[in-house]
Amino acid sequence: MSSRAKGLAMVVTGATLWGLSGTAAQILFQEKHVTAEWLVAVRMVLAGFVLVVLSAFKGLEPLAIWKDRKSRWQLIVFGLVGMLGVQYTYFSSIATGNAATATLLQYLAPVYIVLYSLL
1 MSSRAKGLAM VVTGATLWGL SGTAAQILFQ EKHVTAEWLV AVRMVLAGFV
51 LVVLSAFKGL EPLAIWKDRK SRWQLIVFGL VGMLGVQYTY FSSIATGNAA
101 TATLLQYLAP VYIVLYSLL
């Protein structure tokens, strides 16, 4: 498979899985009574495990980032504020509303920031 075809397949797969994640979360919240906290924790732990395993299979040293003090703190801040913050607010908004509204609000955030900066 050419690198272009592989890249296109990855984009289509990623977009499809992202699109399904909100709907799947809404079903889990409404029918299985799963909490947003539980879903975010499970999702992030599984994603971290998969990334470590895949990087090990590719011959990379998956835990090398923890050796450098500056990189370690950057990873912790990014994980807590960037990943955990975004995931938790997204899934909490799905739990209290629905997937369509949560997605709309997520993509309106840059517009709100521009409007706020004009005040």
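Using full-length UniProt numbering, the first residue of the sequence shown is number 1, and each one after it goes up by one.
From the three backbone atoms N, C-alpha and C, an ideal C-beta is built for every residue, glycine too.
Small disclaimer: the values here were computed from a predicted structure and weren't measured.
{"query": "Does DSSP put residue 52 in a helix, in a strand, or in coil?", "result": "helix"}
{"query": "Would you kindly report the start and end of the unbroken alpha helix (DSSP H) that includes residue 147?", "result": "The chain is shown only over 1 to 119; residue 147 falls outside these bounds and no answer can be derived."}
{"query": "Does the beta-carbon of residue 116 have 16 or more other beta-carbons within 10 angstroms, so that it is buried, or is it exposed?", "result": "exposed"}
{"query": "Could you spell out the range, first to last residue, of the alpha helix (DSSP H) harbouring residue 14?", "result": "3 to 31"}
{"query": "Skipping 5 residues on each side, what residues in its chain have a beta carbon closer than 7 Å to that of residue 26?", "result": "94, 98, 99"}
{"query": "Quick one: residues in its chain with C-beta nearer than 8 Å to the C-beta of residue 83, no 5 flanking neighbours on either side, listed in chain order?", "result": "44"}
{"query": "Could you compute how far the alpha carbon of residue 77 sits from the alpha carbon of residue 71?", "result": "10 Å"}
{"query": "Compute the distance between the beta-carbons of residue 92 and residue 36, then report whether it is under 8 Å.", "result": "yes"}
{"query": "Measuring only the C-alpha atoms, how far is residue 74 from residue 80?", "result": "10 Å"}
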